[in-house]
Structures are given as C-alpha cells and as structure tokens.
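First up is the structure itself, then whatever we jot down about it.
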Amino acid sequence: MFDARGPAQRRNDRSGALQRDEIKPVWVDLAIAYPRPPERPVRPMPEGVDLQSRVPGELLAWRRTTTGEWVGWVCLPVRRGEEIRYVYQYVVAAALSPREDVPDRRSP
Numbered sequence: 000m001f002d003a004r005g006p007a008q009r010r011n012d013r014s015g016a017l018q019r020d021e022i023k024p025v026w027v028d029l030a031i032a033y034p035r036p037p038e039r040p041v042r043p044m045p046e047g048v049d050l051q052s053r054v055p056g057e058l059l060a061w062r063r064t065t066t067g068e069w070v071g072w073v074c075l076p077v078r079r080g081e082e083i084r085y086v087y088q089y090v091v092a093a094a095l096s097p098r099e100d101v102p103d104r105r106s107p
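In this text, residue positions in the sequence shown follow numbering that gives the first Met the number 0: the first is 0, and each later residue adds one.
As structure tokens, then:
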C-alpha cells in the first residue's frame, strides 16, 4: 500500500504479524474506520469519544483478515473531551494514508 515492495518486509516471530522494519507515520481517518450509519441523526455529545476525526498514528505492522483484506496494527490517539488515550488496534487499510511529519523548526 505504501511502497512498491508491498506492505510487509518481515514476519514477527512471536505474533506472526507482517511487520515493517521501521514504524511508519500515517494518518488514520476514524470516520472510515468507524462509519456512522447514515440513517441515524447526529446528536452532539462533547464528552463522548471522537471517532470521526483524522488523527496522526504510527503503523507498526500489517495483518491479513480471514477475508483476505489488509489491516494495519496502529497506535493512535483517541480523544474524549479533554482526555487523550493512545490505543493499539487493527485499522482497515482504507482508513490509513502516509503522513509526512514536518521537521521541528526549533531543532538545528
């Protein structure tokens, strides 16, 4: 998905997950990962968990599902009000896109 060699470079000995040699920065579109049913009306809940935003994440590995689709093992922030929790979870490939981090201007 992100390079010409395919999504995986090696297999993790312990879990069997297809794993990158390095952590890859990605954008995670939570609205794709957690689609809202279109027939449900929107009811704003400021204290609820935000599952409709696009957040920066780290792609740690790839895994195939039983139906042959690719999912990424990703670490990502999930916001609930002012609280942010980092979670590890599988995310469908369609919700992931490469992210280029902007270098910090303060560093020489």
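Where a beta carbon is used, it is the ideal one built from N, C-alpha and C, also for glycine.
Checklist entry - Is the distance from the Cβ of Leu75 to the Cβ of Gly47 below 9 Å? => result Between Leu75 and Gly47, the CB-CB gap reaches or exceeds 9 Å.
Next on the checklist: If I measure Cβ to Cβ from Tyr87 and keep anything under 6 Å in the same chain, skipping five residues before and after, which residues do I get?
Outcome noted: Cys74
Checklist entry - Where does the unbroken beta strand (DSSP E) through Leu95 begin, and where does it stop? => result Unbroken beta strand (DSSP E) run through Leu95: 95 to 97.
Item to check | 3-residue-minimum beta strand (DSSP E) runs that sit fully inside the region 35 to 97, ordered along the chain | outcome: 53 to 63, 69 to 79, 82 to 91, 95 to 97
Item to check | CB contact below 9 Å: Pro97 versus chain C | outcome: No chain C appears in this structure, which consists of one protein chain only.
Next on the checklist: Between Ala94, Leu95, Leu58, which has its C-alpha nearest Lys23's C-alpha?
Outcome noted: Measuring from the Cα of Lys23, the nearest candidate turns out to be Leu58.
Item to check | Beta-carbon proximity of Arg63 to Val54, cut-off 9 Å | outcome: Not a contact, by the Cβ cut-off of 9 Å.
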